[in-house]
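The numbering used here applies: residue 26 is where the sequence shown begins, and numbers increase by one. Using N, Cα and C, we set each Cβ at its ideal position, and we do this for glycine too. Following: one structure in structure tokens, then a few remarks.
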Amino acid sequence: MKLQAKILSGFLILAAMLACAGVLSIHELRSIGSSVNRLLNDNYRSVNAAKTMLEALEMQNSGVLLALSGKWQQGHASISAGDRMFQQAFETARNNLTVPGEGDSVGAIASAYAEYRRLWTQALEERGGEPPLDRYFGRFHEKYTAARTSVDALMKLNEESLYLTASGLYSRANRAIMPGIVAIVSSLVFVLIFNSFINYYVIRPIVSLTREIRGSTRSGAPLTLKIESRDELRDLAAAVRDLSIGRPTGS
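The following block contains the structure:
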């Protein structure tokens, strides 16, 4: 093998190692990016929808209290605004079922909210009856609490999924840097091996040839050095040896 090919092969091997490490790291990083995107689009969207539903329920609960205390117009406005907010958030959650068991949670929310909505719709239509506090704690509070509990269950389900996904991302981030670490260590080992290779097949023959030429110059004796490798250094040693005995190098 020619000297140029030997040196080039060493650099090609090193480049191949670094390229493999780079490809693996890029693959892991792209996978992490996809997971982050899925995390934001799926779990976070459901968590945000659940928070909005809780705010909407609180708004409706305040409206119910206002209505029962005689402020029907203000109560009706608060209840209606909360109902619209809840319905929009509920549609977001229903169209974003990405976690096992999320469909059951959404179904429980729909059932609990339907009961709560039926009560305040009836109250707005009747406008009277038993004392406000007895009426609220007798019927409304129980249904309101049930609706909140079902929404809290949905939020907890998605928060647990968020935690598990984040933990998985941490592990995958560690895996993403491992190819780089392996490549660095392997490159250092390869550089040491390649340095020994260059020293054995290039530097040592040149040093020996230089020493032999100086000795021949002082003593006048012909060169006897032979290079084992079949490359340009062997041709150079043969040419110098022919020159030292006064023979044409082409013979």
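Backbone CA spacing between residue 173 and residue 54 [nearest angstrom]: Distance from the CA atom of residue 173 to the CA atom of residue 54, rounded to whole angstroms, is 39 angstroms.
Which of the three DSSP states, helix, strand or coil, is assigned to residue 230? If DSSP states are grouped into helix, strand and coil, residue 230 belongs with the helices.
Report yes if the CB atom of residue 216 is closer than 9 angstroms to the CB atom of residue 39, and no otherwise. The Cβ atoms of residue 216 and residue 39 lie closer than 9 angstroms to each other.
Can you find at least 3 beta carbon pairs, one from the segment 99-112 and one from the segment 78-88, that sit closer than 8 angstroms? Taking a cut-off of 8 angstroms on C-beta distances, the segment 99-112 touches the segment 78-88, as three or more cross pairs fall below it.
Compare the C-alpha of residue 101 against each of 213, 177, 260 and 148 and name the closest. Closest option to residue 101, Cα to Cα, is 148.
Taking the alpha-carbon of residue 121 as reference, which of 88, 68, 103 and 104 has the nearest alpha-carbon? When only C-alpha atoms are compared, the closest one is 68.
Beta carbon of residue 182 nearer than 9 angstroms to that of residue 127: Yes, the Cβ-Cβ distance between residue 182 and residue 127 is below 9 angstroms.
By the three-class DSSP mapping on this structure, what secondary structure does residue 95 have? DSSP, read as helix, strand or coil, puts residue 95 in coil.
For residue 88, which three-state DSSP category applies? Three-state result, residue 88: helix.
I'd like the list of long-range same chain contacts for residue 19, defined as Cβ closer than 7 angstroms, with 5 residues on each side in sequence excluded. For residue 19 there is no data in the structure shown, the boundaries of the chain being 26 and 276.
Is it the case that the Cβ atoms of residue 114 and residue 137 are separated by a distance below 9 angstroms? Taking 9 angstroms as the Cβ cut-off, residue 114 and residue 137 do not qualify as a contacting pair.
Roughly how many whole angstroms lie between the Cα atoms of residue 167 and residue 186? Taking the straight line from one Cα to the other gives about 29 angstroms.
Buried or exposed: which applies to residue 92, given that a residue is buried once 16 or more other Cβ atoms fall within 10 Å of its Cβ? Buried, by the Cβ-count rule.
Roughly how many angstroms lie between the CA atoms of residue 275 and residue 48, to the nearest whole one? Confidence in residue 275 is poor, its pLDDT being 48 and thus under 50, which makes the residue's placement unreliable; the coordinate value appears in the next sentence. Pairing residue 275 with residue 48, the inter-Cα distance amounts to about 50 angstroms.
The alpha helix (DSSP H) that contains residue 142, what's its start and end? Bounds of the alpha helix (DSSP H) holding residue 142 are 127-151.
Using CA atoms only, rank isn't needed, just tell me which of 33, 71, 35 and 36 is closest to residue 177. Per the Cα distances, 71.
Ordered along the chain, which non-local residues of its own chain (more than five positions away) have a Cβ less than 7 angstroms from that of residue 45? So no residue of the chain qualifies.
Would you report the Cα separation of residue 191 and residue 87, rounded to the nearest angstrom? The straight-line gap from Cα to Cα measures roughly 36 angstroms.
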